[in-house]
Structure formats: structure tokens, C-alpha cells
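Chains as they are written, first to last, in the numbering used here: chain A, 795 to 1060; chain B, 960 to 1340.
C-beta atoms are modelled at their ideal positions from N, C-alpha and C, and glycine is treated no differently.
Each remark here refers to the structure printed beneath this line.
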Amino acid sequence: MLERRHPAPAKDREVIIRVRDVEVGFGEKTILKGLDLDVYRGEILGFVGASGQGKSVLTRAILGLVPKRAGTIEVLGQNLDDLSPSERRMMERHWGVLFQQGALFSALTVKQNVQVPMREHLNLSERLLDELAMLKIEMVGLKPDAADKLPSELSGGMIKRAALARALALDPDIVFLDEPTSGLDPIGAGDFDELIATLQRTLGLTVFMVTHDLDSLYTVCDRIAALGEGKILAEGPIEAMLASDHPWLRSYFHGKRARAAMAGGA
Amino acid sequence: MAQGTLAQEPQLRIERAGNKVTAVLAGPWTAEHARTVEALTSEIAEQADRGHLIIDLSGVQRLDTLGAWVLDRTRHELGEKGLASDFVNATQEQHILLNEVAYRGFQEKPKAKPSRFVDFLVDVGETVAGAGSDLVRGVAFLGELVAAFIRVVTHPRRFRGTAVINQLEQIAYRGVPIIVLISFLVGAIVAQQGIFQLVKFGATPFVVDLIGILVMRELGVLLTSIMVAGRSGSAFTAEIGSMKMREEIDALRVMGLDPIEVLILPRILALIIGLPLLTFIASIAALMGGGVTAWIYGDISPDVFLTRLRASIGFNTFMVGLIKAPFMAMVIGIIATLEGLAVQGSAESLGRHVTSSVVKAIFMVIVLDGLFAMFFAAIRY
């Protein structure tokens, strides 16, 4: 089990993602309304919420994949709405995304997948390109012989790791993980959590993790934000979640599965 | 942080003191400045010609995996030449990073480079072997299909009538407009060119024979088959291929359903029923196109056209075209299904197989038409 670190008080820390009063909807339906959220530099934020409440929608709104109707999103101190296309490209170098299904390009090998963002954004020699891709592949715990495999030849856990290697290709400041441990067995999920924590320390990452995995919340997340009714219901360390008396949070963190995770994690 | 670093470049200053060489680094040593970082490290390697090298990181504002990797690689390469070197003044984070990326050679797989000639021979061999195995697979699949058909005939409850009707709608009914349009146009064009040539011999009325026989025997069925191969053959390959990619075919199998009975037989039956129907419609449309052109360009009124048409074509002319249609349908269906089942995991593979399905089907349709032409000529039908 990993030791959970206790972050410094919130007010002293640099805010890396600042979401203010964001509203997102599709057609008549409003998914997020008046949502505020801060993510601090160097933390692992776990983002929870019932299915269909818009966890992925908020992630996609921050990434600019879904248009928002109102509000502001600032990343690294810059309002994403004010960026010119070239500034926007610069910004995209500073984040990496691990999609839920991996979203590896199926026609490319793992190594080529990792090299795609490097080739696009950096001016590297072929030798460095190869070496760095292999380095990232090893860092996420894949064997070197996985580098020349196609995504269709990989298992679920390997796909997640390969996708993480691609997300880390540009040494981003922020990594977005969409349900990184879903579809993995508990041991694989535990290993993956540990990997995220290790990489977070060595590379100084800020991790924004959408998850349903109570074990992940207990073991690696510094802070948790819970989404419901279109806004953040509660945020803070796990203790704050446990103390909350919102009905959904109570059933989420005090249910049968939660007690098992607490027994294992604490 | 994000923006400030871009204005600056990584810098290097070499200091020599007695037996020691110190490389003082400054600025951002990050991936954005990869070329400079590489150039500067090779300069360190050149300068470190004697004794002990010290790499001083005190001025480094930012170090990422690339910077750390290149620095550690340089240190390692110097070490192999017998020159010791050390990092000093690294922050704690930089230390962690340097340890994490610690240089290791990634063994390159030896890449065999055979000559172009050998490559060419290999390609030819692969193509021939591929064509041979295509034929074997096609025949084997035809056998499976017939076996499935017999199972369905002997157990009529397993027959999927709804699926066949649905496929008939997709293949035949929805294909009517485009097939009518192109047949009408081709009929009109052939008639017009025929009139231009025949008028030189004063034999304009023979354009009716030309159109009637050409359309009934060849054009109707050929145009229809090519259109169906493009429209429905590609759709089959894509449908079956993407089901294969998502393991839906395996899902059918483990539920005790035979994919051939459920997916493939209804499609091929619908093709075999639909293609003759479309051929008939296409032939009529082409005759109408020819008739209209004959009226405009050749002054042949519709009733004269019909009378001549009745005299020039017999029932056998009509049947020659129609007999071919089910065979064309079979060829298109088998090729489309086999290509669909050959799809591997990637989207690229799906695209490749859809293309090759259409190309192979059109090719085979034309070859088959040629064989039929020889056959009918031999039996004088």
C-alpha cells in the first residue's frame, strides 16, 4: 500500500486548473450548471460522481472537446477562451490525456503511437525519438518487446499503460485520466495506481483522475471532488468525503464496497 | 513555467581548473530545445578530454525526461571511454528524474535488408500464393454456405425470413433509383453512338437490334452487378468486418448461433433474389434510354422501336442476361463475406478489406461475364 501524502493548505498552492461557473448542456438538457473547481499543482485529484452526472463532460469541456455555454476555464493561468490558435497548440503540449478505452491509433505500433505527439510538437533526431519512446514505454512498466506490437495485440492493462506512455510523451504538466483502472483486475488496478503515484512524484505531474475505483481514491488521491446535480457537491481529502452528510456521498463512501476499501486502505 | 521558458535557450559554459573540467548548465533543458540540448551535450563530450568531468546543474531552470536522458546518456558514453563524470547541484526533483531515466541501451533489432530483386520475387510469390489461397477459401466457404442452406431448408424454422426481407430492401429496393439512372444513361449513350456509326451505312434502324441485344445479354446484368458490388458488397464487408472487430461474431457463436446462418445466408440469399430483379429493371431502363435517344437522334418513333425490338430479340436473349445474375450475386456475396471475416483489429485493416472486396468483386464479375459469353457462344444460345 502506498502512503498517502498530506498536501499543504490549499491557499498556499498554485492553482493549475481554475474552473468558474461553467455551464455545459446538449440541446434542452443542462448537464453542468454553475460548476466551480480548483486543481492545485502537483496533486492527484480524484473526480467522482454517479454515472451520467457529467464527469467525462467536464473533462471534455476543459480539454475543449465539448463547447461550454457559460463560465471560464483557466489552465496554467490562462483563460482557454482567450488563446489564439498557436497559443492553443502550445497549451496542448502541457497536458496529456488517457482516454477510457485508450484511444491508441489502431494502425500504429505502441512505439509509433508514443512518437505521434513528439513528431508533431518537437524537433527531435530519429535516435532521440526512438530512445525517448522506449524510455516512456519502460517508465509505464511495459516490456520493450511490447513497443513493436499493434494495439489489437495488447491486453486491457497493456493498452492502458501504452496510452499512458503516449499521454506522457511530451512531459506534460497535467495528465487527465478517464477511469484509468476500469476494466483492470484488482491487482492490475493496484499496480496502475502505484504507477500513477510514482510517475506523479518523478515527473512532478498534476493528475486529474476521473474514477469509480474506491481503492484509487483511498490510496493515491490527495483530494477528491464529488460531482452531482451539475456542480461540485463536496471537495477535500477523503476524510472530508467521509464526514459529508450528502445522501449520495454517504451511500458512496459508506456503502458495502466502500467499507471493504476502507478496511484495505486504512 | 509554461511561457517564460520559450524565450530562453539552454546554455553551457565550460570551465577548466587543473585536472577538472566543469560543465555549467543553465536555462531550460527540455524537449522544446531538443536540438540545442543535443548539440550542447556533444560539446560537453568533446571538451571532456581529460580527467574528471563535473556537470553542474545549478543554473538549470527546468529539466524534463529528454534533458535528463540526454545528459545521462552523455555521462554513460564518457564512462565507456574511461572518463568519470558526476552531476552536482541537482535539486531533489532533478535527482529523482536522473535516477528514473538512468541510461540503458535499447537493443535495436537487427533489420535484415534483402535486395530489391529478392523483395520483388517475394512479392510475386506472396501474390500468387494469396490468389491460390483465396480460391481455396472461396470454394471452402461455398461448401459451408451450401451446408448451411441445406440445414435451413431441412429445418425451415431456422430460416430468417425477416433478415432476408430487410436485406432485400437494402440491396434491391434502395438500389433501384441509382441503377435505373445509370442504366438509362448508358443505354442512351450507346444508342447515340450506334446511330452515329450506323447512319453512315444507311442502317439507322439496326440501332434497335444493337441496343436490344447488347442491353439484354450484357449491359443490364453487368452494370447492375458492378453497382451492387460497389453498393452492397462494400456494405457487407464493412458490417461483417466491424462485427468481427468487436467480437460480435464470437458472441453469436458462443450463444449457439451459427454466424453463417444468422448473418451471411440472409445476405447472400437476398443478393441472389435481388440481383436478377435489379437486372430486369436495369435492362428496361437502358432500353428506354436507347428508345428516347433513337427517337431524338434517329427519328425512330416509339412504336417502330417496339416493333423492331420484338423482331430482333427472343426469349433466349432475355434469359442470357437473367441466368447470369444469380451467379454474379453469389460471387459478390462470397467475396464480400470472406473479406469481412478477414478483417483484423485495426480501422486501417477494415478500410483495406472493404477496398479489396469491391475491387475483387468487380474483377470477378467481369471475368465471369467473359466465361459466360464463351459458354453461350459454344452452346449457340
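Measuring only the C-alpha atoms, how far is A/Thr992 from B/Gln1051? Computed Cα separation, rounded: 15 Å.
Span of the beta strand (DSSP E) holding A/Glu822? Run containing A/Glu822: none; DSSP gives neither H nor E here.
Measure the alpha-carbon distance for B/Gly1249 versus B/Leu1265 and round it to whole angstroms. 11 Å
Residues that B/Ala1306 contacts on chain A, provided the C-beta gap is smaller than 9 Å: The contacting residues are Phe899, Ser900, Ala901.
I'd like to know if B/Trp988 contacts chain A, where contact means its C-beta is closer than 7 Å to some C-beta of that chain. no
Rounded distance between the beta-carbons of B/Gly1299 and B/Glu1198, thought under 8 Å: 7 Å
Neighbourhood of B/Gly1018 by C-beta distance below 8 Å, restricted to the same chain and skipping five residues each side: Gln970, Val983, Leu984, Ala985, Gly986
When burial is assigned at 16 or more other CB atoms within 10 Å of the CB, is A/His1048 buried or exposed? exposed
Look up A/Gly1022 in the DSSP assignment and say whether it is helix, strand or coil. DSSP places A/Gly1022 in strand when its eight states are reduced to three.
Tell whether a beta-carbon distance below 7 Å holds between B/Glu1220 and B/Ala1301. no
The segment 963-992 of chain A: positions lying closer than 7 Å to chain B by Cβ: Per Cβ criterion, the list reads Leu964, Asp965.
Inspect the beta-carbon positions of B/Ile1293 and B/Phe1100 and report whether they are closer than 7 Å. yes
Closer than 8 Å, Cβ to Cβ, to anything on chain A: give me those residues from the segment 1004-1025 of chain B, in chain order. Listed by position, the residues of the segment 1004-1025 of chain B near chain A (Cβ gap below 8 Å) are Asp1023, Thr1024, Leu1025.
Between B/Val1187 and B/Leu1157, is the Cβ-Cβ spacing less than 7 Å? No. Outside cutoff.
Go through its chain and collect everything with a Cβ distance to B/Leu1127's Cβ below 6 Å, but skip five positions before and after it. Around B/Leu1127, the same chain offers Ala1229, Gly1233 as residues with beta carbons nearer than 6 Å, after the five sequence neighbours per side are excluded.
Beta-carbon proximity check, A/Leu898 vs A/Pro945, cutoff 7 Å: yes
Take B/Glu1039 as the anchor and find which of B/Gly1026, B/Val1324, B/Ala1007 has the nearest alpha-carbon. B/Ala1007
Looking at the unbroken alpha helix (DSSP H) that takes in A/Pro938, where does it start and where does it end? Taken as a continuous stretch (DSSP letters only), A/Pro938 belongs to no alpha helix (DSSP H), as it is neither H nor E.
Output the boundary residues of the alpha helix (DSSP H) element that contains A/Pro980. 980-997
So which residues on chain B does A/Glu837 lean against when the C-beta distance must stay under 7 Å? Correct list: empty, because the minimum Cβ distance to chain B is about 15 Å.
Please state if the CB of B/Ile1231 and the CB of B/Ala1194 are separated by a distance shorter than 7 Å. no
At a CB distance below 7 Å, what residues from the segment 1284-1308 of chain B approach chain A? Give them in sequence order. Gln1303, Gly1304, Ser1305, Ala1306, Glu1307
Given that B/Arg1133 touches chain A, what residues does it touch there, using C-beta distances under 8 Å? Chain A residues near B/Arg1133: none, gap ~30 Å exceeds 8 Å.
If you run the structure through DSSP and keep just helix, strand and coil, what is B/Phe1165? helix
What residues from chain B crowd round A/Arg995, counting only those whose CB sits closer than 8 Å? Ile1055
Give the secondary structure of A/Gln847 by DSSP, where H, G and I count as helix, E and B as strand, and everything else as coil. Coil.
Quick check: is the beta carbon of A/Gly896 nearer than 7 Å to any beta carbon in chain B? Taking Cβ atoms only, chain B never reaches closer than 7 Å to A/Gly896, which makes this a no.
Assess, as a yes-or-no matter, whether the segment 952-961 of chain A is touched by the segment 1012-1032 of chain B under the definition of 3 or more beta carbon pairs within less than 8 Å. They do not touch, by the three-pair rule.
Answer yes or no: does any C-beta atom of chain B fall closer than 7 Å to that of A/Ser778? Lying outside 795 to 1060, the shown extent of chain A, residue 778 of chain A is not represented and no answer is given.
Under 7 Å, CB to CB, which of the residues in the segment 1248-1267 of chain B have a partner in chain A? none
Taking three-plus beta-carbon pairs below 8 Å as touching, is the segment 1142-1155 of chain B in contact with the segment 1249-1263 of chain B? yes
When you compare the CB of A/Leu796 with every CB in chain B, is at least one pair closer than 7 Å? The predicted model places A/Leu796 with a pLDDT of 44, which falls under 50 and marks its position as unreliable, so this point remains unresolved.
Contact list for the segment 995-1026 of chain A against chain B, Cβ threshold 9 Å: Arg995, Thr996, Leu997, Gly998
Residues of chain B with CB closer than 8 Å to the CB of A/Ser949, please, in chain order. Result: empty, since nearest Cβ-Cβ is about 13 Å, beyond 8 Å.
Do you know whose CA, among B/Ile1185, B/Arg1119, B/Leu1173, lies nearest B/Ile1137's CA? B/Ile1185
Can you list the residues of chain A that B/Val1060 reaches, using a CB-CB cut of under 7 Å? Leu929
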